[in-house]
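Protein chains: 2
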Amino acid sequence: MNPKYEQQMKKGVLEMLILKLLEKEEKYGYQLISELKQLSGGMFVLKEGTLYPILYRLEDEGLAVSKWSVPRDKEVSRKYYKITEKGTAFQKELQTLWNTFSGHVNTILEE
Amino acid sequence: MNPKYEQQMKKGVLEMLILKLLEKEEKYGYQLISELKQLSGGMFVLKEGTLYPILYRLEDEGLAVSKWSVPRDKEVSRKYYKITEKGTAFQKELQTLWNTFSGHVNTILEE
DNA sequence: AACTATACTTAGCAATACTAAATACATAGT
DNA sequence: ACTATGTATTTAGTATTGCTAAGTATAGTT
Chain A
383 MNPKYEQQMK KGVLEMLILK LLEKEEKYGY QLISELKQLS GGMFVLKEGT
433 LYPILYRLED EGLAVSKWSV PRDKEVSRKY YKITEKGTAF QKELQTLWNT
483 FSGHVNTILE E
Chain B
383 MNPKYEQQMK KGVLEMLILK LLEKEEKYGY QLISELKQLS GGMFVLKEGT
433 LYPILYRLED EGLAVSKWSV PRDKEVSRKY YKITEKGTAF QKELQTLWNT
483 FSGHVNTILE E
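Residue numbers (my numbering), protein chains in the order written: chain A, 383 to 493; chain B, 383 to 493.
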């Protein structure tokens, strides 16, 4: 199967999933990549060039805020992203949209 | 909700849904638009500029073939699209991909 | 010193649903 | 006859977004 179709399906849900993961606690980019990979059984394996632009977009839209960590014990400095109230509300809306959308798709497929 | 998100979710499933509708019988463009609109309860309301390029793509890829109808009783001439064997097999693959994909999305959302 | 893993950044590409307009014909209303 | 409406197809151009690919930087390991 041409990977292009999988790519296209991802459009519109990655932002929703990332907001969902940020709801539990603030996280940094690399962490999000490995969590998504693990939670999806290897389906959502994001490259940095995919994830980081999404995070910048979330921040531009006021759905998340970021802050650099103060590295202790010679840790690498990390940029933590935290979901905002607006982001939480928006995630809920996106999830409702997803449920409606996937419901309709399944209805047509089960014809 | 910004309609952009709905648009993005559609990417990658419209082709699958149109192939699905063509599996029952050959259909013409306008017919597909109204069937999709009706079956989806108003969620998939395609503009011509969305549908026809998809049909041309299906034909280019050998997933469907088209023929002009011979209009009788002063009917308008219509271009009928018929799914090919390759198209049927491909639809099945896309549907499997959709099931896997939407399953993973729901798993993450239900965390 | 070289290599690997971690972590972030960015430039440019590809795919596809969209807007918007044009063409053409049949039929119904005035 | 003229206009508007519904059907039906075509096509030019735009926006979004996930991708490839390369680069920067630091810490720990060999």
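Glycine included, every Cβ here is placed at the ideal spot set by N, Cα and C.
Could you give the DSSP three-state label for residue i: helix, strand or coil?
i      : result
A/K429 : coil
A/V487 : helix
B/S448 : strand
A/K393 : coil
B/K461 : strand
B/K456 : coil
Can you give the Cα-Cα distance for residue i and residue j, rounded to whole angstroms?
i      : j      : result
A/V447 : A/E407 : 12 angstroms
B/G411 : B/G469 : 17 angstroms
A/V427 : B/L399 : 26 angstroms
B/E475 : A/R460 : 41 angstroms
B/K409 : A/K393 : 28 angstroms
A/L401 : A/L440 : 9 angstroms
B/V452 : B/E405 : 22 angstroms
A/S422 : B/K464 : 36 angstroms
A/V487 : B/V487 : 14 angstroms
B/Q420 : A/L491 : 14 angstroms
B/E467 : B/Q473 : 10 angstroms
B/A471 : B/P435 : 21 angstroms
A/T489 : B/E430 : 23 angstroms
A/V458 : B/E397 : 45 angstroms
B/L437 : A/W450 : 49 angstroms
B/K386 : A/V395 : 12 angstroms
A/Q390 : B/D455 : 43 angstroms
B/E443 : B/G485 : 28 angstroms
A/Y462 : B/E493 : 21 angstroms
B/M383 : A/M383 : 33 angstroms
If you measure from the beta carbon of residue i to each beta carbon in chain B, is any gap under 8 angstroms?
i      : result
A/T470 : no
A/E441 : no
A/L476 : yes
A/K429 : no
Counting only beta-carbon atoms, is residue i nearer than 8 angstroms to chain A?
i      : result
B/T466 : no
B/T489 : yes
B/L479 : yes
B/Y387 : yes
B/T482 : yes
B/K393 : yes
Hey, residue i and residue j are a contact pair by Cβ (cut 8 angstroms); roughly how many whole angstroms apart?
i      : j      : result
A/T482 : B/M425 : 7 angstroms
A/L414 : A/L433 : 6 angstroms
A/L403 : A/E417 : 6 angstroms
(message) Beta carbons nearer than 7 angstroms to chain B: which residues of the stretch 395 to 425 of chain A have them?
(response) Taking a C-beta cut-off of 7 angstroms against chain B, the contacting residues of the stretch 395 to 425 of chain A are V395, L399, K402, L421, S422, G423 and M425, listed in chain order.
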